[in-house]
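A.B. asks: Below are the structure tokens for one structure; questions will follow.
2 protein chains.
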Amino acid sequence: MNENLLGIAAGILTSVAMLPQLIKVIKEKNVGDLSWVMILVLICGLSLWVWYGVLKNELPIILSNAFAVLVNSCLFICYFLYKDNSD
Amino acid sequence: MNENLLGIAAGILTSVAMLPQLIKVIKEKNVGDLSWVMILVLICGLSLWVWYGVLKNELPIILSNAFAVLVNSCLFICYFLYKDNSD
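Quick note, the sequences are listed as chains E and Y, same order. For what it's worth, our numbering labels the leading residue of the first sequence as 1, then goes sequentially. For what it's worth, our numbering labels the leading residue of the second sequence as 101, then goes sequentially.
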């Protein structure tokens, strides 16, 4: 089994699994129980993974974590846009 | 910068960011808006990452994704234990 293909498949699945939350937040304009601290911790961790992927020169790791950084950055922005809608 | 240390730091941050959701679900015995389909997709993706880490022989990837599989498996079990408590 080609390792890159495996990594890409893994990256697609973990990326797809993140999207519904973002879609829900944008649709309902409500961040519900999201915690901005945890989103920030996650963005830091994911950014380190991107850095790790760059050092190791592994494209699947770079791509899937960069995508995750993007999704979570959107969630982070939504948090401050919509937090007043939540109760 | 040592790549393994970087990977371990990244893994700790992304693992820590997952825990509050599990703690909240267990505490409140309520799965809220969790989707079991997405948890399952995530578990599949994370398992492929573990496999990728094994093939590439990269311990940080194996450990952090195996931990994530564990956390999400707990969420998956909680979903079916507590789903009737939600509305």
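C-beta atoms are modelled at their ideal positions from N, C-alpha and C, and glycine is treated no differently. Source: prediction; values computed, not measured.
1. For residue 2 of chain E and residue 158 of chain Y, I'd like the C-alpha separation in whole angstroms.
2. Compute the Euclidean distance between the alpha carbons of residue 155 of chain Y and residue 14 of chain E, then round it to the nearest angstrom.
3. If contact means a Cβ-Cβ distance below 9 Å, which residues of the segment 107-127 of chain Y contact chain A?
4. Report the rounded CA-to-CA distance for residue 192 of chain Y versus residue 77 of chain E, giving the unit in angstroms.
5. Hey, how far is the Cα of residue 37 of chain E from the Cα of residue 30 of chain E?
6. Rounded to whole angstroms, how far is the Cβ of residue 65 of chain E from the Cβ of residue 49 of chain E, which I believe are closer than 8 Å?
7. Looking at the C-beta of residue 41 of chain E, does it have a partner C-beta in chain Y at a distance below 9 Å?
8. Return the CA-CA distance between residue 9 of chain E and residue 151 of chain Y, expressed in angstroms with no decimal places.
9. Which value, in whole angstroms, describes the spacing of the CA atoms of residue 140 of chain Y and residue 121 of chain Y?
10. Using a beta-carbon distance cut-off of less than 8 Å, what residues from the segment 55-86 of chain E approach chain Y?
11. From residue 185 of chain Y to residue 175 of chain Y, what distance separates their C-alpha atoms?
C.D. replies: This is what the structure gives:
1. Using only the alpha carbons, I get a separation of about 16 Å.
2. If I take the Cα positions, the gap works out to 19 Å.
3. Absent from the structure is chain A; the protein chains it does hold are E and Y.
4. There is simply no residue 192 of chain Y to check, as chain Y begins at 101 and stops at 187 in what is shown.
5. Rounded to the nearest whole angstrom, the CA to CA distance from residue 37 of chain E to residue 30 of chain E is 17 Å.
6. Their Cβ separation, rounded to whole angstroms, is 4 Å, which keeps residue 65 of chain E and residue 49 of chain E in contact under 8 Å.
7. The C-beta of residue 41 of chain E comes closer than 9 Å to at least one C-beta of chain Y.
8. Whole-angstrom Cα-Cα distance: 11 Å.
9. So the alpha carbons of these two residues sit roughly 16 Å apart.
10. With the criterion set as a beta carbon lying under 8 Å from some beta carbon of chain Y, the members of the segment 55-86 of chain E are 55, 56, 58, 60 and 61, in sequence order.
11. So the two alpha carbons sit approximately 15 Å from each other.
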